[in-house]
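Colleague:
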Amino acid sequence: MHELALAQDIVETINEKVTDDLRKISNINLEVGAFSGVVPESLAFGIETIFADKKVPGVKVTIVKVPTIACCTCGKEYELKEIFETCPVCRSFERKLISGMEILIKSVEVSEE
Ligand SMILES: [Zn+2]
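Note that our numbering gives residue 1314 to position 62 of the sequence shown, counting from 1, and the numbers run on in steps of one.
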C-alpha cells in the first residue's frame, strides 16, 4: 500500500530531522497535492497507525490539500481539476505544473516538557 510506505517515510524523516523523541510530537502538518496520487485520509491514517504502534498516543495529523495549478504557454495560470483539462483561454494542452504533485512536511509541532 502506497500510503503506508509513505507514512513510514514521513515518520522516519521527522524522527531524523525534527526530534529523536517521537513522544514529544503533538501535531504534524502536511501538504498533499491533488495530483500526487496520494489519498490524504489514508496517509493520515497510516501515520496515526505508526504512532499508535510505537505507543505514542494523541498525535494529530493535519493534511492540507493543494490544488493543481498549471501555467499555460500563453501565460494563463489555472487550476487543473483533471488531467485532460485544457487552458480556459487558448484551449492549449501545453503547460507546466506549478503545484499539485507535492507531498510536503509543512511543520511539526513539538511539545517542550
Ligand atoms: Zn493558454
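Beta carbons: idealized from backbone N, C-alpha and C, even for Gly.
Just so you know, these numbers come straight off a predicted model, no measurement behind them.
1) Under 5 angstroms from any heavy atom of ligand 1, by CB: list those residues in chain order, please.
2) Following the continuous alpha helix (DSSP H) through G1298, name the residue where it begins and the one where it ends.
3) Within the same chain, show all residues whose beta-carbon is closer than 6 angstroms to that of G1298, passing over the 5 residues directly before and after it, in chain order.
4) So, does the region 1282–1299 touch the region 1312–1326, judging by three or more C-beta pairs under 8 angstroms?
5) Quick one: what does DSSP say F1335 is sitting in, helix, strand or coil?
6) Would you kindly work out how many angstroms separate the C-alpha atoms of T1320 and E1337, rounded to a whole number?
7) By a C-beta neighbour count over all protein chains shown, 10 Å radius and 16 as the cutoff for buried, is V1341 buried or exposed?
8) Where does A1257 sit, in a helix, a strand or coil, going by DSSP?
9) If you count every other CB in all the chains shown that lies within 10 Å of the CB of F1345, and 16 or more means buried, which is it?
10) In the DSSP assignment, what are the bridge partners of E1361?
Modeller: So, from the data block:
1) Residue list for ligand 1: C1324, C1326, K1328, C1339, V1341, C1342 and S1344 (CB closer than 5 angstroms to any heavy atom, chain order).
2) On the sequence shown, residue 1298 is found 46 positions in, with the first residue counted as 1. Unbroken alpha helix (DSSP H) run through G1298: P1292 to D1305.
3) For the purposes of this step, residue 1298 is taken as residue 46 along the sequence shown, with counting starting at 1. The residues are E1255, L1256 and A1259.
4) Contact between the region 1282–1299 and the region 1312–1326 is present, because at least three Cβ pairs lie under 8 angstroms.
5) Position 83 of the sequence shown, counted from the start, is the residue given in the question as residue 1335. Note that residue 1335 is Ile in the sequence shown here, rather than Phe. DSSP places I1335 in coil when its eight states are reduced to three.
6) Here residue 1320 corresponds to residue number 68 of the sequence shown, with the count starting at 1. Here residue 1337 corresponds to residue number 85 of the sequence shown, with the count starting at 1. Answer to the nearest angstrom: the Cα atoms are 11 angstroms apart.
7) Translated into the one-based positions of the sequence shown, residue 1341 becomes position 89. By the neighbour-count rule (16 or more Cβ atoms within 10 Å), V1341 is not buried but exposed.
8) One-based indexing of the sequence shown puts residue 1257 at position 5. The three-state reading of DSSP puts A1257 in helix, counting H, G and I together.
9) Along the sequence shown, read from residue 1 onward, the residue named residue 1345 stands at position 93. Around the beta carbon of F1345, a 10 Å sphere encloses fewer than 16 other beta carbons of the protein chains shown; the residue is thus reported as exposed.
10) For the purposes of this step, residue 1361 is taken as the residue at position 109 of the sequence shown. N1279.
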